[in-house]
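To start, the structure itself, in structure tokens.
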């Protein structure tokens, strides 16, 4: 147990974002004096604020360091209390408080501080209602996403399924891969498949049928066998997952779910981009966790893993040409170049993926018909990069000349520093060798208005190229980046702000509409291919209910699982523009995800809800059926 404990509460004040009250308890046997208190919290203190009982010494994004009054000594069993008015945003949920805390003592030691949830004072926090109803399945089959067409009759539950005699080796291998996937997801369950015939089981006969659409499959159940037809390996893979799901549900809930004895399933995906994004910059996830998440994506028939590898908080991918990116940029701590952020306490936290790690993850995903789309976030969200490689900064630029983004000032690569392009060229060279997919995601989001305008190098560039303002400078930068990617055989993916200032060539560019659904319409009208990922429905870090007790972020409101499930991104687009919509994607931003329990609480069942929206036509969706099935699905 920590010798010190910090409690925080918030109370509303009319005309402002309210007041925070902090109380530090000295639980040790010694008096506490000559110290500073550091904590991290998504509720940030504004530049203009009033602190009573202490003073803000330093702030970087979510990191805050406060000093007590001079000569304060907190006796054993005593406490120090201070209040702060002047916040950048009103907290909406209990998780908007302290995420980590530590003291720095007079001798330089850093000691951990315990903490609790943000308490609410002076307001009713509401009631957190159940997020998932019991559910009801009128057709007793556990399939998620639900198929395009289904006509089945329930029958006896087979012991296991196995390949028919003379099955081709490639089909047997495909079955063994789905068997291994099932064993990883449900290690305590009986297996759905055997590679050899078993008495009481049913045979699967594999048929290649060229008339079936790409990625589609058909299942035909008869008294003696199951016929799985497909035109390609991906369709066969999805058909095998459906068979494993049918067996799993029939075994796990025999009262509600059955296995078919007769009938057919005809199925194919609604969209070709069915994605899930994971931010590993704010919180690092070891390889085993990334592999398990990819397994979960495969079980839900998602086919894109968008891997957000860099941001202000850290650079997570080994780049051999620039080892400082991970030696400096993947470490946060009280005595590191990058200060602690959400969840970081008295000890340094670090983590990055070696190139061998990346190869392993890409190969694992490919075996499950999932493409890894890596992202390095440029030109903004580059604080870790700039701290790791200071030569990327225009040395003549005033250090306080930018507006900050999420509390980070001067966090954008400078488009007029020629080393920027040399650096990125070498990074891209190493990335294209690791990631064979079609797209490389370059971010392109949240560059502060006014960035670069006091840089002497940028002023000269703007005059030479006849550019006006930050947005046109970014467009200039991204056009060069797109050309660099094209030279390396890759297409550019980015967030919706890539379109600002004139954007880039629409051909071979894919943009993700995240700020609000209307942005997707605007991008499609401008000629871009679009993936819809609005924060109001598909950002899985958003709270799932309005109640104070519900965990999660709040900038995009709240999104209960039923809303995420029912939301129809395609419905926002006029019919003439729907051909520009490539698909949809869930996003897992991890600022607040400091525990496995928190991750699972927010990501599930909303991730399977997005998966069904990506695969199943809207007329085939059924919330009650989904609720009955999703509770049986795996979590991280």
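Residue numbers (the numbering used here): 341 to 976.
Think of the CB as a built atom: it goes at the ideal place given N, C-alpha and C, for glycine as much as any other residue.
A quick note: this is a predicted structure, and the numbers were derived from the prediction, not measured.
Check your understanding: So the alpha helix (DSSP H) residue 854 belongs to, where does it begin and stop?
Key -> No alpha helix (DSSP H) contains residue 854, which DSSP labels as neither H nor E.
Practice item. Flag this pair as yes or no: are the beta carbons of residue 399 and residue 747 separated by less than 9 Å? Key: Yes, the Cβ-Cβ distance between residue 399 and residue 747 is below 9 Å.
Review point. Rounded to whole angstroms, how far is the Cβ of residue 921 from the Cβ of residue 908, which I believe are closer than 8 Å?
Key: Wrong, their Cβ atoms sit about 11 Å apart, outside the cutoff.
Practice item. Report all residues from its chain with a CB closer than 7 Å to the CB of residue 913; omit the five preceding and five following residues, and keep chain order. Key: Same-chain partners within the cutoff: 860, 861, 864 and 921.
**Study point:** 8 Å contact criterion, which residue 901 and residue 636 should meet: CB distance rounded
**Key:** At roughly 16 Å, the Cβ-Cβ gap does not stay under 8 Å, so residue 901 and residue 636 are not in contact.
Point to revise | When 687, 794, 354 and 836 are compared against residue 737, the one with the closest alpha-carbon | key: 794
Review point. So, do the segment 631-647 and the segment 406-416 have three or more beta carbon pairs nearer to each other than 8 Å?
Key: no
Practice item. Express the C-alpha separation of residue 773 and residue 828 in angstroms, rounding to a whole number. Key: 10 Å
Practice item. Could you tell me whether the Cβ atoms of residue 948 and residue 488 are closer together than 9 Å? Key: no
Check your understanding: For residue 654, does the three-state DSSP call read helix, strand or coil?
Key -> Correct three-state label for residue 654: strand.
Review point. Do the segment 927-934 and the segment 615-635 make contact, defined as three or more Cβ pairs closer than 8 Å?
Key: Yes, the segment 927-934 is in contact with the segment 615-635.
Point to revise | Limits of the alpha helix (DSSP H) - the one that residue 760 falls within | key: 759-774
Review point. What is the residue span of the alpha helix (DSSP H) that residue 969 lies within?
Key: For residue 969, the enclosing alpha helix (DSSP H) starts and ends at 963-970.
Exercise for review: Go through its chain and collect everything with a Cβ distance to residue 869's Cβ below 6 Å, but skip five positions before and after it.
Suggested key: 850, 920 and 922
Review point. Since residue 612 is in the beta strand (DSSP E), which residue starts that stretch and which ends it?
Key: Taken as a continuous stretch (DSSP letters only), residue 612 belongs to no beta strand (DSSP E), as it is neither H nor E.
Practice item. Leaving aside the five residues before and after residue 848 along the sequence, list all residues of the same chain whose C-beta is less than 6 Å from its C-beta, in chain order. Key: 831
Review point. Looking at the unbroken alpha helix (DSSP H) that takes in residue 814, where does it start and where does it end?
Key: 809-827
Check your understanding: In chain order, what residues of the same chain lie with their CB nearer than 7 Å to the CB of residue 385, ignoring the 5 residues before and after it?
Key -> 396, 399, 404, 424, 426 and 427
Review point. What three-state label does DSSP hand residue 676 in the structure shown?
Key: coil
Review point. How would you call residue 705, buried or exposed, if buried means at least 16 neighbouring beta carbons within 10 angstroms?
Key: buried
Check your understanding: Are the beta-carbon atoms belonging to residue 659 and residue 616 less than 9 Å from one another?
Key -> Residue 659 is not a Cβ neighbour of residue 616, given a cutoff of 9 Å.
Review point. Curious, which full-length beta strand (DSSP E) runs of at least 3 residues does the segment 554-584 contain?
Key: 557-561 and 565-570
Practice item. Enumerate in chain order the residues of its own chain whose CB-to-CB distance from residue 808 is below 8 Å, with the five nearest sequence positions on each side excluded. Key: 802
**Study point:** Own chain partners of residue 733 with C-beta closer than 8 Å, once the 5 adjacent residues on each side are dropped
**Key:** 726, 750, 754 and 757
Exercise for review: Kindly give me the distance between the Cβ atoms of residue 689 and residue 672, rounded to whole angstroms, as I take these residues to be in contact under 8 Å.
Suggested key: Contact holds; Cβ gap of about 6 Å.
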